[in-house]
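J.:
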Amino acid sequence: MWHIRTEWSQRFAGASTFILLLAFPFISLAETVNLRAGFAQSAIWMSRSHVVAGESVNIFTVLYNSSENSISGDVVIEVDGSPLGAKNFTLASGETQVVSLPWIAKVGSHALSARMEKVLDAKTNASAVISDKTTGSITVSIASPPPPTPAEQVLNTVTSAIQTGFASTAPAVISAANTVYNAAESLRTQAKSSLEKQLAETSPAVSSANASKPQRTASDSSAAAATSTSSASPETPILSKAMRYMAVAGLFVVSSKTWFYISLVVMILILIQILRVAFRERKRSRRHLPLD
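Now the structure itself:
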């Protein structure tokens, strides 16, 4: 009896080993492991550091892929452990990508983080394990909005008076005013998103992610060096810094309705004044033309 049990145990062990050997290639193909990809260091931040409750900001993160495989998946941005939203991504080998989601800030201290899920090898569609699947958590403090300044109170009073005046006019005038206001708000929102994206793409986190890209070959490096030598100039860093400062100033203006509409009114007044001077000079030049 003991010999029979031993024989069956040996047969079972041999069959199990044979099955594992056959299944091993399929198991190894089912998952691509330990790819150098994911989130860059310090890879989550807000579009603005000074935010009060009720304001809309963008939460940014940056992805990188230093592996030889293309990957795809979803990025989930979380606020206080609850998902704010998700965005799908695809990263080729050596590529970086900035991802953002809008958030309406609320009073208090909040923890922001991001994670990847459903990460796949883009070619084989097999599950991929990456080295940096989550970001660290950062804490932001959102204060209550300050009381309106005297300038804002005056602007609110004027706006209220205009709205009251429009309310007593014809519906066509109200519709036209609403159209102009909606167009201005659309312009302000688009400008804000564009400037935030421009500043995010030049942030230190993106630079850190670009530094994680694979090294190029000697021929590629020499070709790139020749191109950059022929096109670069000493003024490039100065111009780049100047453009960044201008973008920061522009973002400050378009992030506040008060400053945006004050700036818009000032620009319209300046344009009207320029047109008045141009027409005046034109009329004066016609007046002094010699008569035949």
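Number 9 in full-length UniProt numbering belongs to position 9 of the sequence shown; there are no gaps in the numbering.
All residues carry an ideal CB built from backbone N, CA and C; glycine is no exception.
1. Taking the continuous beta strand (DSSP E) assigned at P145, which residues delimit it?
2. Should the segment 136-153 be regarded as contacting the segment 120-128, the criterion being three or more beta carbon pairs within less than 8 Å?
3. Could you check whether the segment 131-146 touches the segment 106-114, counting it as contact only if at least three pairs of C-beta atoms, one from each stretch, sit closer than 8 Å?
4. Once you ignore the five residues that flank A223 on each side, which residues in its own chain have a CB closer than 6 Å to its CB?
5. Using 8 Å as the threshold, is the segment 177-185 in touch with the segment 88-100, meaning 3 or more CB pairs across them?
6. Can you find the residues in the same chain that come closer than 8 Å, C-beta to C-beta, to K192, ignoring five residues on each side of it along the sequence?
7. Give the DSSP bridge partners of R115, in chain order.
8. Taking 9 Å as the threshold (C-beta atoms), are V51 and A200 in contact?
9. From G73, I268 and K106, pick the residue whose C-alpha is nearest to that of I142; which is it?
10. CA-CA distance, F279 and A184?
11. What does DSSP give as the partner residues of V98 in its beta bridges?
12. Which partner residues of H50 appear in the DSSP bridge assignment?
13. Out of S67, F260 and I268, point me to the one whose CA is closest to I130's CA.
14. What's the call for G54, buried or exposed, on a 16-neighbour Cβ count within 10 Å?
15. Taking V75 as the reference, give the member of M243, A37 and I274 with the closest Cα.
16. Relative to the alpha-carbon of V140, which residue among Y64, D80, L63 and S285 has its alpha-carbon at the smallest distance?
17. Kindly indicate which three-state DSSP category N182 falls into: helix, strand or coil?
18. Looking at the structure shown, is T258 part of a helix, part of a strand, or coil, going by DSSP?
19. Note down, in chain order, each residue of its chain lying with its Cβ closer than 8 Å to the Cβ of K257, except the 5 sequence neighbours on either side.
20. For Y261, which residues from the same chain have a beta carbon less than 8 Å from its beta carbon, with the 5 sequence-adjacent residues on both sides left out?
21. Less than 7 Å between C-beta atoms, sequence neighbours within five positions excluded: which residues of the same chain meet that for N34?
22. With DSSP as the reference, label K283 as helix, strand or coil.
23. Looking at A43 and V62, is the spacing between their C-beta atoms short of 9 Å?
24. From T157 to P148, what does the alpha carbon distance come to, in whole angstroms?
T.: Taking the definition as stated:
1. Neither: P145 is in no beta strand (DSSP E) and is coded neither H nor E.
2. no
3. yes
4. Below a pLDDT of 50, predicted positions are generally treated as unreliable, and A223, at 46, falls in that range; no measurement from the model is reported.
5. no
6. L251, V254 and S255
7. V76 and T134
8. no
9. K106
10. 28 Å
11. V62
12. Answer is none; H50 lacks a bridge partner.
13. S67
14. exposed
15. A37
16. D80
17. helix
18. helix
19. R188
20. L155 and A184
21. V129 and S131
22. helix
23. yes
24. 12 Å
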